[in-house]
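Undergrad:
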Ligand SMILES: O=C(O)CCC(=O)C(=O)O
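In mature numbering (1 follows the signal peptide of the UniProt record, and there is no 0), the protein residues as written are -16 to -1, 1 to 389.
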């Protein structure tokens, strides 16, 4: 979605400008106006308090905090289903997500994997930047754009190595997020994003936005997973709980819900709804490494300014879209993977992998992830246009007509 001079684009992770390209004079002016709006909006908001996992609100919790406790809670709810009722009651987490538009789950990724993933995304960013710069790869195949991109990066991730292990811990057997996503988008939910957002010291306060316009059925959900502890000066994600509703969008867009439609490229920008902003509770994604925040993309949120001297904030993320979604959605996802992976298929693949990151190790062929990753690898070409194959930790099955580097 394009961000015009007078219109703040909604889906902040959708626009396209190569990360390597300098902002033009006009774009620099737009960015300044956008940043001013972000600062102004923030001045009307309450300081905010940490988003808390719902288990932590209970004084005495015999199971403890975090993912295990939440998993038990999901199971318990399922068991207490009333006899004869057809609709399955929502778990406590899904109920909270429905009411607030955002929930926190602690300990979703193990500490060792967080560290491995962090190193992986840093190396992948260097490689992707070099590939784009050398013309081996299209910028859009490796990066998505962001509002106030300066000192920010939205890196699209491959389907090999640590991202597979992360999907296993996030969605596989024993996870909390997997069953929760199943409740809200179903087995037919489609992987919409697999990426890592990085915000470096000096990144500016973004304006508030939903990622998708209000529709009766939420279009998509995003899980932001912290790859390091996030403190307040690192510019945590800021959420306005309960703003995923039609009423809240109407207030936010100055009474004109049509301004919230993704794809709008008009020149109208509503005045900042000061009273509305002052009245809303503010929650901050002050996550510990491995914790996640799952939000309905209709919930108003933004990245805050990273005012730290030297602390980079990285968040690995996945989004799942409802198969019935009709809105135009962000797609921070490598083109080869778009509309290819349902939640059900991913869970089956993860079960078949059973903790491994590829099926090739066991002579089982490449499997679903491996095949898609192979298609993605075909996006990389040498500077003469010949295809090169590059995989993280596996060999190619494509045969000798391709050069393997
Ligand atoms: O930086 C964040 O935590 C959120 C970023 C965001 O919402 C966006 O870029 O659209």
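By construction, the Cβ of each residue, glycine as well, lies at the ideal position given by its N, Cα and C atoms.
Run the CB neighbour count on residue 182, radius 10 Å, all protein chains shown included, and call it buried at 16 or more, exposed below.
TA: Locating residue 182 in the chain shown gives position 198, counting from the first residue. By the neighbour-count rule (16 or more Cβ atoms within 10 Å), residue 182 is buried.
Undergrad: What's the gap between the Cα of residue 287 and the Cα of residue 12?
TA: Here residue 287 refers to the residue found at position 303 when the chain shown is read from its first residue. Here residue 12 refers to the residue found at position 28 when the chain shown is read from its first residue. The straight-line gap from Cα to Cα measures roughly 19 Å.
Undergrad: What span of residues does the alpha helix (DSSP H) with residue 336 cover, start to end?
TA: Against the chain shown, residue 336 aligns to sequence position 352. Residues 327 to 337.
Undergrad: Run the CB neighbour count on residue 221, radius 10 Å, all protein chains shown included, and call it buried at 16 or more, exposed below.
TA: The residue given as residue 221 occupies position 237 in the chain shown. With 16 or more other Cβ atoms within 10 Å, it is buried.
Undergrad: For residue 285, does the three-state DSSP call read helix, strand or coil?
TA: If you number the chain shown from 1, residue 285 lands on position 301. Residue 285: strand per DSSP, three-state reduction.
Undergrad: Can you look up residue 207 in the DSSP assignment and give me helix, strand or coil?
TA: Reading the chain shown from its first residue, position 223 is the one you call residue 207. Three-state result, residue 207: strand.
Undergrad: Check the DSSP bridge columns for residue 138 and list the partner residues they point to.
TA: Counting from 1 along the chain shown, the entry for residue 138 is found at position 154. According to DSSP, which records beta bridges pairwise, residue 138 is partnered with 128 and 181.
Undergrad: I think residue 321 touches residue 143, with their Cβ atoms under 8 Å apart; what is that distance to the nearest whole Å?
TA: Here residue 321 corresponds to residue number 337 of the chain shown, with the count starting at 1. Here residue 143 corresponds to residue number 159 of the chain shown, with the count starting at 1. Indeed, because the Cβ distance is near 7 Å, the residues count as touching under 8 Å.
Undergrad: Which one of 202, 138, 340 and 95 has the shortest CA to CA distance from residue 110?
TA: Position 126 of the chain shown, counted from the first residue, corresponds to residue 110. Minimum Cα distance to residue 110 is reached at 138.
Undergrad: Just to confirm my understanding: we take residue 25, look at its own chain, exclude 5 residues before and 5 after, and list those with CB closer than 7 Å. What are they?
TA: The residue labelled residue 25 in the question sits at position 41 within the chain shown. Answer for residue 25: 191, 192, 256 and 261, listed in chain order.
Undergrad: Let me know the secondary structure DSSP gives residue 384 once reduced to three states.
TA: Here residue 384 refers to the residue found at position 400 of the chain shown. Low confidence applies to residue 384: its pLDDT is 31, below 50, so where it sits in the model is not reliable, and the reading given next is rough at best. Coil, per DSSP.
Undergrad: Are the stretch 235 to 243 and the stretch 321 to 332 touching by the rule of at least three beta carbon pairs closer than 8 Å?
TA: With the cut-off at 8 Å, the stretch 235 to 243 and the stretch 321 to 332 do not touch.
Undergrad: Between the stretch 105 to 119 and the stretch 75 to 84, do at least 3 Cβ pairs fall closer than 8 Å?
TA: The stretch 105 to 119, when compared against the stretch 75 to 84, does not touch it at the 8 Å Cβ threshold.
Undergrad: Using DSSP bridges, identify the partner residues of residue 280.
TA: Walking along the chain shown from the start, residue 280 turns up at place 296. In the DSSP output, where bridge partners are listed per residue, residue 280 has 205.
Undergrad: Starting from residue 221 and walking both ways along the beta strand (DSSP E), at which residues does that stretch end?
TA: Position 237 of the chain shown, counted from the start, is the residue given in the question as residue 221. That run of the beta strand (DSSP E) goes 221 to 223.
Undergrad: Which of helix, strand or coil does DSSP assign to residue 47?
TA: Taking the first residue of the chain shown as position 1, residue 47 is located at position 63. At residue 47 the pLDDT is 32, less than 50, meaning the model places this residue with poor confidence; the figure from the coordinates comes in the next sentence. Residue 47: coil per DSSP, three-state reduction.
Undergrad: Below 8 Å, is the gap between the Cβ of residue 300 and the nearest heavy atom of ligand 1?
TA: As a working note, residue 300 is residue 316 in the chain shown. It does not: the Cβ of residue 300 is nowhere closer than 8 Å to a heavy atom of ligand 1.
Undergrad: Strictly by DSSP, which residues pair up with residue 268?
TA: Along the chain shown, read from residue 1 onward, the residue named residue 268 stands at position 284. DSSP output for residue 268 lists 34 and 222 as bridge partner(s).
Undergrad: Residue 269: beta carbon under 8 Å from a heavy atom of ligand 1?
TA: Reading the chain shown from its first residue, position 285 is the one you call residue 269. Indeed, a heavy atom of ligand 1 lies less than 8 Å from the Cβ.
Undergrad: Mind the definition here: the stretch 271 to 281 touches the stretch 85 to 99 only if three or more C-beta pairs lie below 8 Å; say whether that holds.
TA: Touching, per the Cβ criterion.
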